[in-house]
Amino acid sequence: MINRFSSAILFGATLLSILFIYCNNPVKKVKSTPTLSANKLLHPQAIKGAFSGQTKIKFDSNNVNIFLQNFPKFKDYAKEISSFYKNRKYAFAWYDEKGMIEPASNLYNRIINISDEGISKELPYKEAFINLMDSAVETIDAQPTVELMLTAQYLTYAKKVWQGVSEKQSLSIDWLMARKKISSQQLLDSLVNGKSILENEPVYRQYNLLKDYLKKYHAIAKNHEFAIIKADQKLYKLKDNSPTISAIRERLFLLEDLSENSKSNIFDTSLLLGIKSFERRIGRKEDGILNSALLAEINYPIEKRITQIIVNMERSRWVPTQPQGNYIVINIPEYKLYVYEQDSIAFNMNVVVGKNEHRTVIFNGDIKYIVFSPYWNIPVSIINKEILPGIKKNPSYLAQHNMELNNGNIRQKPGPNNSLGLVKFLFPNSHSIYLHDSPAKSLFNENDRAFSHGCIRLAEPKKLATYLLRNNPVWKNTQITNAMNLHNEQYVTLKETVPVFITYFTAWVDRQQKLQFRKDVYQRDSRLAQMIIEKPGI
């Protein structure tokens, strides 16, 4: 994996920079209980203070082995814990001369409320942790067991919340994109250096944006019935009067598509705008047509939306935290390509992705070549399933489709009817995936655009070619147009490769701070939900 992926990844699709708001008031040190921590400690995102750099208060090295014997589920971290305290000469990290430091209480608060992170499975030894923290006194008489429990819980929390499932598990559900790496040693180095990693979480910013909406949706599920809204007519339009309209209005208000709820039964302009907002958030055409299909979307169970948020929070754990440089992102469920320059969207376009039986692969690479007026070297699978049966029915099949034999293979010659269109973009990979033009322009206007054999078709390929060649004085608009309309294939090697990331997010928060949902076109959400949620909603 090249270094650029480590520093320049990912996902842009309609993403919003988030500023953490830190409280300036220090937390009063108190005995910690679950209720007390939830009410008195800082907001989970507002962690202040560095870890203790004191060197005077120490404990006996034998306490490490005793602790691991008493709490064997932490033995996976035995090497890191032992090395950490040996380097510190067994000085306490979670205490200073005044007692337990603030990050200890904040870590405790997070672990007690770990469900806020979209995690249904509790961390090990939760009850023992509560008892230890509840009995801890904040004096210089620090307790080695409490100290070691905090460090072990810190490492466990970091692995669960900031990294997610193992890479082996994500590979098993076909996530082939490079994953963020955080070693236990890196986490412990933050303690050694006196820097609170809790203050600047190593997670992609979408994670906390989705986390905020998870809290909102949990509140909706808890405080509102969210019953199925039944239609009393096939279609609703402006000025219609029905109790169903009032129920829809209330639902859209709860989902933040309406800023206020007038409780009116009349279909008015404000409701129309709310409907269009909802349509926009789920990727439908904003036509404001309130029919049975749209009502079914409005009735989508809140529990399933919660699961969808949790699943995409998990995916957000996998991607690097700070995208940099110029890069391209394709989000499969959104059917969109985004071009980013230093994390700002330069432009976007609609795309067509693979059918369910020909799924586009989730991975990353580097665009290296532009091919103008390309041949289409037809894959063997398509030859066997489509071309050969066509030839059997029609001996003139190849000529009629502008195809020819080439060294025992079949290819389609360049031209406006070529299945790859007038240009393609190559980023060498083992999946035989690339970006290309398409003569089937009407497909880009469809809501659901999974029609290809796996490669990605672009609605505006010339725009992308012009962008990639913008710094090459040889390639002006006229030259690009001419090259796209030749009868001979022409390769152009880019002076600088451009990272491209093909990803899969069915929920995210856009730059207007609106929660977006898309259909799980490849049924990947349910597989991941089963992996991370005890009772998944989908």
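Just so we're aligned: the sequence shown equals residues -8 to 529 in my numbering.
Cβ coordinates follow ideal geometry from the N, Cα and C atoms, glycine included.
Sub-8 Å separation of residue i and residue j beta-carbons
i	j	result
isoleucine 48	tyrosine 86	yes
tyrosine 148	leucine 179	no
leucine 411	histidine 427	yes
arginine 509	isoleucine 164	no
proline 490	isoleucine 319	yes
leucine 262	alanine 222	no
leucine 245	histidine 209	no
tyrosine 198	serine 307	yes
valine 352	isoleucine 321	no
tyrosine 513	arginine 350	yes
alanine 450	isoleucine 471	no
proline 380	threonine 497	no
glutamate 88	glutamine 45	yes
asparagine 393	asparagine 408	yes
phenylalanine 354	valine 483	no
isoleucine 523	valine 156	yes
lysine 359	leucine 417	yes
methionine 304	lysine 202	yes
DSSP-derived helix/strand/coil call for residue i
i	result
glutamate 108	helix
arginine 271	helix
lysine 510	coil
threonine 494	strand
glutamate 332	strand
alanine 222	coil
glycine 155	coil
valine 194	coil
glycine 345	strand
valine 414	strand
threonine 46	coil
aspartate 231	coil
threonine 260	helix
lysine 526	coil
Beta strand (DSSP E) segment containing residue i, residue limits
i	result
leucine 245	Looking at the DSSP string, leucine 245 is not in any beta strand (DSSP E); the run it does join, the alpha helix (DSSP H), is 234 to 245.
arginine 402	400 to 403
isoleucine 447	447 to 449
serine 443	441 to 443
serine 394	The sequence given here has methionine at residue 394, not serine. That run of the beta strand (DSSP E) goes 394 to 397.
valine 362	354 to 363
valine 320	317 to 322
Element boundaries [alpha helix (DSSP H), containing residue i]
i	result
methionine 522	515 to 523
phenylalanine 418	Neither: phenylalanine 418 is in no alpha helix (DSSP H) and is coded neither H nor E.
phenylalanine 120	117 to 126
phenylalanine 75	69 to 78
lysine 58	Position check: residue 58 holds phenylalanine in this sequence, whereas lysine was assumed. Segment 53 to 61, the alpha helix (DSSP H) holding phenylalanine 58.
isoleucine 297	293 to 309
valine 137	135 to 148
leucine 460	Note, leucine 460: premise wrong, no alpha helix (DSSP H); not H, not E.
glutamine 391	388 to 391
glutamine 470	468 to 475
leucine 286	283 to 289
glutamate 93	93 to 103
CB-CB length for residue i against residue j, believed under 8 Å
i	j	result
isoleucine 369	isoleucine 378	6 Å
isoleucine 236	asparagine 252	Not quite, the Cβ-Cβ distance comes to about 12 Å (not below 8 Å), so this is no contact.
alanine 441	valine 371	Not a contact, Cβ separation roughly 22 Å.
alanine 520	valine 310	The pair is not a contact, with the Cβ atoms about 19 Å apart (cut-off 8 Å).
glutamate 71	glutamine 176	6 Å
Assigned exposure category for residue i - 16 Cβ within 10 Å defines buried
i	result
valine 137	buried
serine 429	buried
aspartate 511	buried
tyrosine 291	exposed
valine 530	With the chain represented from -8 up to 529, any question about residue 530 goes unanswered, as that position is not in the structure.
alanine 474	buried
alanine 169	buried
asparagine 15	Per-residue confidence for asparagine 15 stands at a pLDDT of 28, beneath the threshold of 50, marking its modelled position as unreliable; no derived number is given.
glycine 399	exposed
valine 21	Its pLDDT being 31, under 50, valine 21 is placed unreliably in this model, and the coordinates cannot settle the point.
alanine 127	buried
phenylalanine 338	exposed
Residue-level contact to chain B via CB, residue i, 8 Å cutoff
i	result
serine 161	Of the protein chains in this structure there is only one, and it is not chain B.
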